[in-house]
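Numbering (our numbering), first residue to last: 1004 to 1159.
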Amino acid sequence: MNLRFYEGTNFWKTPTEYKPGVKLSKETLQEVERLLGVTLPASYLKLMEVQNGGELSFRYVLFEDGDAAIVPYLYEIDMEHGIGLSPVFIEECGLPEGLVLLTGDLHSWLALDYRKTKEPSVVYITESESGNGTWEEYQLESTFDEFTTRLFKKDE
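Right, dumping it as structure tokens:
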């Protein structure tokens, strides 16, 4: 088995089971950024302009220790779906303020982290194994662009 890392092409999986959101408009982008109080990274927006969310071709992310996690899809940029629901999930799950949730399943999340800077890092957050309702955080990269270079797929 070979690992093939994302190198700038074929980011989105086709065909896909996850229905992407409607084409991203400038108005929707401005509305979502205003709601979240952030400016989304240009490299992230470039991908979302091609397709507003969906399944990833390169669906695994490699951690520093050699472990990997699955990132099956990214949420769309939308007010009533996708990343626009970040504040709701942050409150409901007891996650730290200052995150924009890119994808997750209530037990683990991939997020842009705006807590320390206006240029967000990318973090992976998962429920603590202690079962006490706390979260463990792993910084993946200091920028979204660097994060995409950690995404890979397995070639059989």
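Using N, Cα and C, we set each Cβ at its ideal position, and we do this for glycine too.
What you are looking at is a predicted structure, and each value in this text was computed from that prediction instead of being measured.
Only counting the same chain, and skipping five residues up and downstream in sequence, which positions put a Cβ closer than 7 Å to that of residue i?
i: residue 1145; result: 1124
i: residue 1153; result: 1064, 1065, 1143, 1144
i: residue 1087; result: 1035, 1038, 1081
Can you pull the DSSP bridge partners for residue i?
i: residue 1157; result: 1006
i: residue 1111; result: 1129
i: residue 1073; result: 1063
i: residue 1144; result: 1125
i: residue 1103; result: 1115
Within 10 angstroms of its Cβ, does residue i collect 16 or more other Cβ (buried), or is it exposed?
i: residue 1051; result: buried
i: residue 1114; result: buried
i: residue 1085; result: buried
i: residue 1102; result: buried
Kindly indicate which three-state DSSP category residue i falls into: helix, strand or coil?
i: residue 1151; result: helix
i: residue 1134; result: coil
i: residue 1058; result: strand
i: residue 1027; result: coil
i: residue 1079; result: coil
i: residue 1139; result: strand
i: residue 1085; result: strand
Within the same chain, show all residues whose beta-carbon is closer than 6 Å to that of residue i, passing over the 5 residues directly before and after it, in chain order.
i: residue 1150; result: 1125, 1143, 1144
i: residue 1054; result: 1015, 1023
i: residue 1128; result: 1112, 1138, 1140
Could you pull out every residue in the same chain whose Cβ sits closer than 8 Å to the Cβ of residue i, ignoring the five residues on either side in sequence?
i: residue 1158; result: 1004, 1005, 1006, 1007
i: residue 1106; result: 1074, 1075, 1076, 1077, 1078, 1112, 1113
i: residue 1090; result: 1038, 1039
Any heavy atom of the ligand MN inside 6 Å of the beta-carbon of residue i?
i: residue 1064; result: With respect to the ligand MN, the structure offers nothing, as it holds no ligand at all.
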